[in-house]
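Residue numbers (my numbering): 5 to 301. Positions of the beta carbon are idealized from the N, C-alpha and C atoms, including for glycine.
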Ligand code: NAP
């Protein structure tokens, strides 16, 4: 008998096909016999849902974020969590660098201008030699740092602990913002980081500073960001993630010094195929009693 699997969010057709070959899938009402939940990095799994699924063994995330999961409730029930780490890291870092360059070199704004028939546009800002600040130096943060190195500026970061790397550690986000020209966010969402980028942090980043967020919208106080951008207290922003996706405030959409992407960090054909395969590999290994490659923790 194939195991029952609850699809908590929409997943790619390729993944759905792979899952349907192996399991019985439920999209709305998961039966109490559900053995696994599959969903994207922003899915919510709370204690109320877990109470309805006494046979649940594993939550297989199609992504690396797990801020929507009640970790205490999951741990109390001995349920495993698996993510698709590593296979999306490089794509998300590429997206972060692309957003930075799109803001500083006005790629999106100039494209819009040309489509309107304009040739004369304002100057952009030099990318090389910039001080690059990275909030969260995990897989994605490190991949961003490696990509930023050839631009020849200083690279600094903060995380919960200092790492054995050549880049300069600073103790907190406020210091990082004050000492950076470009501030990349690459830390997890969740309560610990909610709203950490507030008006004070943005003011420290300053009128020449650019914010790039490929982490989670929840890290940024969006109203404070809009206010800082509208009053040019920061120079621009490249945003892949938002507070209330897929709703993006009109204020962000109308500003030319903001570059927007609809949560595309891992959205490459190659990355999504690898993520789908890893979700399935995680489930197959779990149900076969083998080591689960993407096991969290
Ligand atoms: P990771 O390897 O777990 O790295 C997370 C980093 O954030 C670690 O360096 C960690 O510090 C740091 N961190 C955690 N909590 C922190 C806090 N309270 N204050 C400061 N730093 C903190 O994760 P990853 O694979 O790089 O992914 C990072 C995040 O990117 C994910 O959680 C997800 O939300 C987001 N993401 C977005 C997309 C997208 O499509 N835009 C795709 C994938 C992931 P320590 O090492 O010191 O613990």
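For residue i, three-class secondary structure by DSSP
i, result
"residue 111", "helix"
"residue 278", "helix"
"residue 286", "helix"
"residue 151", "helix"
"residue 144", "helix"
"residue 95", "helix"
"residue 238", "coil"
"residue 84", "strand"
"residue 291", "helix"
"residue 105", "helix"
"residue 273", "helix"
Span of the beta strand (DSSP E), counted from its first residue to its last, around residue i
i, result
"residue 2", "Here the chain covers residues 5 to 301 and nothing more, so residue 2 does not appear."
"residue 121", "Residue 121 -> no beta strand (DSSP E), and no H or E assigned at all."
"residue 160", "159 to 162"
"residue 89", "Counting along the chain, residue 89 falls outside any beta strand (DSSP E), and DSSP gives it neither H nor E."
"residue 256", "Note, residue 256: premise wrong, no beta strand (DSSP E); alpha helix (DSSP H) at 254 to 257."
"residue 300", "Segment: none, residue 300 is in no beta strand (DSSP E) and carries neither H nor E."
"residue 223", "Taken as a continuous stretch (DSSP letters only), residue 223 belongs to no beta strand (DSSP E), as it is neither H nor E."
"residue 217", "214 to 217"
"residue 137", "136 to 139"
"residue 189", "186 to 189"
"residue 127", "That residue, residue 127, is in no beta strand (DSSP E); it is neither H nor E in DSSP."
"residue 174", "That residue, residue 174, is in no beta strand (DSSP E); it is neither H nor E in DSSP."
"residue 262", "262 to 264"
Residue span of the alpha helix (DSSP H) that contains residue i, given as start and end
i, result
"residue 205", "203 to 209"
"residue 230", "226 to 234"
"residue 64", "Element bounds for residue 64: not the alpha helix (DSSP H) but the beta strand (DSSP E), 62 to 66."
"residue 76", "75 to 80"
"residue 55", "51 to 56"
"residue 182", "177 to 182"
"residue 22", "17 to 26"
"residue 11", "Element bounds for residue 11: not the alpha helix (DSSP H) but the beta strand (DSSP E), 8 to 11."
Counted within 10 angstroms of its Cβ, other Cβ atoms place residue i as buried (16 or more) or exposed
i, result
"residue 236", "exposed"
"residue 298", "buried"
"residue 127", "exposed"
"residue 55", "exposed"
"residue 107", "buried"
"residue 279", "buried"
Check: residue i C-beta below 7 Å from any heavy atom of the ligand ADP
i, result
"residue 226", "With respect to small molecules bound, the structure shown includes the ligand NAP and not the ligand ADP."
| message | Measuring CB atoms only, is the region 157 to 169 touching the region 206 to 223, in the sense that at least three cross pairs come out at less than 8 Å? | response | The region 157 to 169 makes no contact with the region 206 to 223: fewer than 3 CB pairs, one atom from each, lie closer than 8 Å.
| request: Kindly confirm or deny that the region 121 to 140 and the region 83 to 93 touch, where touching means at least three C-beta pairs closer than 8 Å. | output: no
| request: Take every Cβ of the region 227 to 243, pair it with every Cβ of the region 255 to 275, and state whether three or more of those distances are shorter than 8 Å. | output: yes
| message | Closer than 8 Å is the cut-off here; do at least three beta carbon pairs connect the region 97 to 104 with the region 140 to 156? | response | yes
| Looking at C-beta atoms only, is the number of pairs between the region 217 to 224 and the region 239 to 249 that lie closer than 8 Å three or more? | yes
| request: Take every Cβ of the region 276 to 293, pair it with every Cβ of the region 113 to 125, and state whether three or more of those distances are shorter than 8 Å. | output: no
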